[in-house]
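Notes follow once the structure below has been shown.
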Ligand SMILES: Nc1ncnc2c1ncn2[C@@H]1O[C@H](COP(=O)(O)OP(=O)(O)OP(=O)(O)O)[C@@H](O)[C@H]1O
Ligand SMILES: [Mg+2]
């Protein structure tokens, strides 16, 4: 039996549905009491049909007039009386609403379904209530993490984090829109709800000890919040020490870990020509993928090099230029060692196994080439281990490795169409969660990411984008998403985001939860489902009092 | 201000002002008991037929000679002021009469008002009363009567009548302005295709 929805209180009512179709969305006429100027694209509304409630988003706001005449000979609206009469009658506001979910009542309980029809004529449209938002997104609990508030509402929108980490996700937006803040919140959420273990390639040192905030201030990274549950690895121990933020471990990469495909990824960064890249592959075939670099850098430039060129049937010039580039640009990286004393991959894996989140800081090595190289090498090896372990577990859940989320910034460098086919990141995105590894990619140029990879990004959280190509890329492959174009282009330039896809039952625009104030830390530590002990909170308080 | 006006109107409540002398489904004509004392243009009147009260809005009034064949003649050439004419010709009120026409806009049956035409026209010689302020207020809670009025075929301008009626009715509502705004909105939807007419009425009713 279907229970009737309660009537909408007049104060929340915005208007009535006057037209619409499933493909084109709904059109609502605003009540005269509701001002067009109070509406905003991205705002979340409900339409109360006879049997179902429809959840939708305002995708456009328009002005309408009941006759063309009125626009030609407008009444004297400078008179407030006339203006009041005209509003909502002769002239009115129209909302375009994209219905995205429908909720029916089954035995008095809400049952959420995709939209398969439209509400009947003149169904009332209202602002969504807190209850409506909870019905769709759930309440904060052991799985649901509060990420922000819908536009013009004080309600909390939660993301289902176990669902988020099931597939790869992305945080997009142009520079300075709040990607890093959002990503940090997601990482904290994942840790707090124990949805997965994080491995963060932290190019700009934003996630470990502290991140930058406007006005030269800093915000806390994961370490001060989660203490021993976070391990900081660094590529630049000196810089860590200088910042008074000692790392837990240092990462060194041995020559043997640099494979030809890693160099291929650096083609752009190292300014290599295609024949040069081809040569690296050939060196790999001759010396072995793990030996080629050690061998190649030892070859004397003179006769030995000529011999090699002859032996391989290669152009001596190409070989020489390649050698020079590798010497000056690659081998010069301080963390790259002929023999790595410590096995960084092994130590990172040990941490991940224990459920300790790993943040790899690049320190002053925040060079793109270093970033790409290291992220690629480490991820490849960690992924290899995951594949082995997952296969060994033979479907036994308890023996499977913990779900792992790998965070990379500048993701298009790893996932552009030129390299996505052969890089480990492309592989991970494509195989979905087969081996319990997914990505969290952060990027400001989503259009540079290969389409085929983008289609694998389950949850997309996007701040303001203004380039048409980027907008299209983010919305690609999501049914009905083209209507969100407008919404996306009209986001605030900071701290607002549109969430779509796998982890959000329906697209929603949020004002991202505040981060950086003492209250925000406290709340994060107190949140339900957090595994932190009282002690951490105390530590924090002491820290602030001093 | 609304209250003052309301009081003034309620004083007239029990004022029987005239008697029906011509009746049809849509209009009735009444003779005013007092010469020159027709109810205001646009005011609400009612006439009982025993079972129901027919409600009308005064849309026309005229004063003329009792004998339709004979016109009154000017008499004041040598009088000092107008009142002297009547004082010196005491038979005059008998020779002249004031009549008014009301357009039927609804009726009252029991305690409910209905904004559509009554089943029967009023009876000839039915007593005509001015509606009390509270009656006008009750009646104008709904504005459906405007729908009928807007297309009525009358001797006067319908727009003038509507404006006058709304001005009068507004005085009986506590939220005078809100009443006029909602009436204005009703008109705006009725006059979708005639913005000039709408503007004309709005100019006449704006508070
Ligand atoms: N959730 C938030 N809480 C508080 N401040 C925020 C939040 N989101 C964004 N901001 C503000 O916006 C600024 C920019 O955010 P952020 O550094 O995350 O942008 P970004 O997109 O990562 O930029 P870039 O492309 O330069 O890396 C922050 O310094 C901060 O002041
Ligand atoms: Mg950033």
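Chains as they are written, first to last, in this note's numbering: chain W, 103 to 648; chain G, 2 to 208. C-beta: ideal position from N, C-alpha, C; glycine also.
Distance between residue j and residue i (C-alpha atoms, nearest Å)
i	j	result
residue 204(W)	residue 581(W)	16 Å
residue 94(G)	residue 87(G)	8 Å
residue 53(G)	residue 167(W)	42 Å
residue 375(W)	residue 369(W)	7 Å
residue 37(G)	residue 120(W)	53 Å
residue 280(W)	residue 478(W)	25 Å
residue 294(W)	residue 427(W)	44 Å
residue 272(W)	residue 372(W)	27 Å
residue 414(W)	residue 594(W)	57 Å
residue 596(W)	residue 277(W)	10 Å
residue 74(G)	residue 59(G)	28 Å
residue 221(G)	residue 140(G)	Lying before the first or after the last residue shown, residue 221(G) is absent from chain G, which here runs from 2 to 208.
residue 304(W)	residue 149(W)	44 Å
residue 308(W)	residue 475(W)	19 Å
residue 649(W)	residue 256(W)	Shown here, chain W extends from 103 to 648; a query on residue 649(W) therefore has no answer.
residue 6(G)	residue 173(G)	Low confidence applies to residue 6(G): its pLDDT is 42, below 50, so where it sits in the model is not reliable enough to give any reading.
residue 141(W)	residue 569(W)	24 Å
residue 42(G)	residue 224(W)	39 Å
residue 345(W)	residue 320(W)	12 Å
residue 634(W)	residue 352(W)	For residue 634(W), the predicted model reports a pLDDT of 48, less than 50, meaning its position is unreliable; a value from the coordinates is still stated below. Those two C-alpha atoms are separated by around 26 Å.
residue 202(W)	residue 606(W)	11 Å
residue 46(G)	residue 109(G)	12 Å
Chain W within 7 Å of residue i, Cβ atoms only
i	result
residue 191(G)	no
residue 78(G)	no
residue 201(G)	no
residue 182(G)	yes
residue 66(G)	no
residue 196(G)	yes
residue 185(G)	yes
residue 176(G)	no
C-beta atoms of residue i and residue j nearer than 7 Å
i	j	result
residue 489(W)	residue 537(W)	yes
residue 274(W)	residue 564(W)	yes
residue 227(W)	residue 116(W)	yes
residue 129(W)	residue 196(W)	yes
residue 284(W)	residue 300(W)	no
residue 334(W)	residue 325(W)	yes
residue 193(G)	residue 163(G)	no
residue 33(G)	residue 169(G)	no
residue 391(W)	residue 361(W)	yes
residue 120(G)	residue 55(G)	no
residue 509(W)	residue 266(W)	no
residue 222(G)	residue 57(G)	Residue 222(G) lies beyond the range of chain G shown here (2 to 208); nothing can be said about it.
residue 382(W)	residue 399(W)	no
CB contact check: residue i to chain G, cutoff 7 Å
i	result
residue 192(W)	yes
residue 172(W)	yes
residue 177(W)	yes
residue 138(W)	no
residue 224(W)	no
residue 186(W)	yes
residue 180(W)	no
residue 135(W)	no
residue 274(W)	no
residue 183(W)	yes
residue 578(W)	no
residue 271(W)	no
residue 622(W)	no
residue 168(W)	yes
- Item | Proximal residues, the stretch 127-145 of chain G versus chain W, C-beta separation under 8 Å | none
- Message: Going residue by residue through the stretch 263-326 of chain W, where are the continuous alpha helix (DSSP H) segments of at least 4 residues, counting only ones entirely within it?
- Response: 263-268 and 281-294
- Fully enclosed by the stretch 314-389 of chain W, which alpha helix (DSSP H) runs are 4 residues long or longer? 324-328, 339-344, 362-367 and 376-389
- Let me know the alpha helix (DSSP H) ranges lying completely inside the stretch 413-449 of chain W, each 4 residues or longer, listed in chain order. 418-427
- Can you give me, in chain order, the residues of the stretch 120-132 of chain W that have a beta carbon less than 9 Å from any beta carbon in chain G? none
- Task: For the stretch 140-180 of chain G, list the alpha helix (DSSP H) runs that are entirely contained and at least 4 residues long, ordered along the chain.
- Result: 146-151 and 159-171
- Just list the alpha helix (DSSP H) runs in the stretch 181-258 of chain W, keeping only unbroken ones of 4 residues or longer that don't cross its boundaries, in chain order. 182-188 and 232-239
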